[in-house]
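Residue numbers (full-length UniProt numbering), protein chains in the order written: chain B, 1 to 204; chain U, 1 to 231.
Rendered as structure tokens:
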């Protein structure tokens, strides 16, 4: 299957702000050139202060998310405490590498808030973690979103600014990518709450 | 591997093999642990049966990780096996989460292996009680793990030959606001109480962990200083 990461299409982006963090994703679920639905969920709430965004093969998006849900639930029961975002970020890397020779065809982004500080980690499909500053992208429209991010991003943005900037970057990028788009969702995580905003985009 | 169990219930509902294992523990050299506000201390007898033995080669306090260590009363080789198992558990956790393991978590997982030896066919229970001391994000911890697989968190405790007397002594001396230096002195005093013969820096072993999360086994020179303070 050529381009297994391109089969379903889809893009995600994560961006750090001042004591806040945002992730955004498109809503398309396609099978090569056909669009099946325009409301596919690609960002999942793992904990009040951890979000997991996934792009790639949709079946693996769903399965990998389910696996992480199971891990964190068992952890909560066994250890009797919440998981730290940095710990979860490491868990994702281990879980991906466990399938080194039969990988999940996903590229995850972990976004969290630990002691008020934003945590952002991105991975390849076999668990190479990088937690660089500012922003990360994933999926078929990733490179286009990078361009928009570089132009719009500035450090230490407020939650409102961040929501605007990440939304614009996602939309600009997805508009260029044939396999991403059909709507967008932006999640902004702060100490107090998680806000969710649904974006209307070009429906093509 | 035989598939009949060695440890089976008696008519009174007891597991005699575990009772006998506890007897083996009760014959072992005394070990004492005290949890202070800001640290934990482990003190253990290291009496050698012959003056020909190289005292420094015997290590009764083993590190499980940077922030957790353990000692024992009972069969030395059984402790060695469990130490190795505990170290693997810590490393496995570290590889998965890249985070310092909690003392309670390690105790629970190690207890699983100890319990298996009371129920699986063809193997006998472990002949050691283990005292696990560590400092994690939750604070200082002292946990006792018995041959049955049961584990208990203590403020202060003793295992081995002098366990009963030592615990009685500790009940009078212990207070919740103890600082680690007081705890070290108290632990040494407690050990001295029931010690047969002269206590020296080389026939005991002392290990301390403070709020820097680093467990240190004290060299004989430092132990000598603490012992002299007791005079």
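Don't be surprised by glycine CBs; every beta carbon is placed ideally from N, CA and C.
Remember, it's a predicted structure, so these values are computed and weren't measured experimentally.
The three-state reading of DSSP puts residue 51/B in strand, counting E and B together.
Judged by their CB atoms, residue 42/U and residue 24/U are not nearer to each other than the 8 Å cut-off. Counting along the chain, the unbroken alpha helix (DSSP H) around residue 62/B starts and ends at 58-79. Among the residues of the segment 38-71 of chain B, none has a Cβ less than 8 Å away from any Cβ of chain U. In the structure shown, the three-state DSSP call for residue 100/U is coil. Residue 196/B counts as exposed, since fewer than 16 other beta carbons sit within 10 angstroms of its beta carbon.
Proximity to residue 84/B across 77/B, 49/B and 101/B peaks at 49/B, based on C-alpha coordinates. Contact with chain U is absent for residue 191/B, since none of that chain's Cβ atoms lies less than 8 Å from the residue's Cβ. Judged by DSSP secondary structure, residue 211/U falls outside any alpha helix (DSSP H); it is assigned neither H nor E. The shortest C-alpha to C-alpha distance from residue 194/B to any of 29/B, 51/B, 40/B and 121/B is the one to 51/B. Residue 228/U counts as exposed, since fewer than 16 other C-beta atoms from the protein chains shown sit within 10 angstroms of its C-beta.
Chain B places no beta carbon closer than 8 Å to that of residue 115/U, leaving this residue out of the contacts. In the structure shown, residue 55/U adopts helical secondary structure according to DSSP, grouped into three states. At least 8 Å separates the beta-carbon of residue 204/B from that of residue 159/B.
Residue 38/U and residue 178/U have their C-alpha atoms spaced approximately 8 Å apart.
Measuring C-alpha to C-alpha distances from residue 144/B to each of 101/B, 88/B, 8/B and 12/B identifies 12/B as the nearest.
When beta bridges are read from the DSSP output, residue 34/B appears opposite 31/B.
Under the 8 Å criterion on CB atoms, residue 91/B is classed as interfacial with respect to chain U. Residue 169/B has its alpha-carbon roughly 49 Å from the corresponding atom of residue 210/U. Between residue 44/B and residue 36/B, the gap from beta carbon to beta carbon reaches 8 Å or more. When DSSP reads this structure, residue 9/U sits in a beta bridge with 15/U. Contact check between the segment 100-108 of chain B and the segment 71-80 of chain B: fewer than three CB pairs, one atom from each, fall below 8 Å, which does not count as touching.
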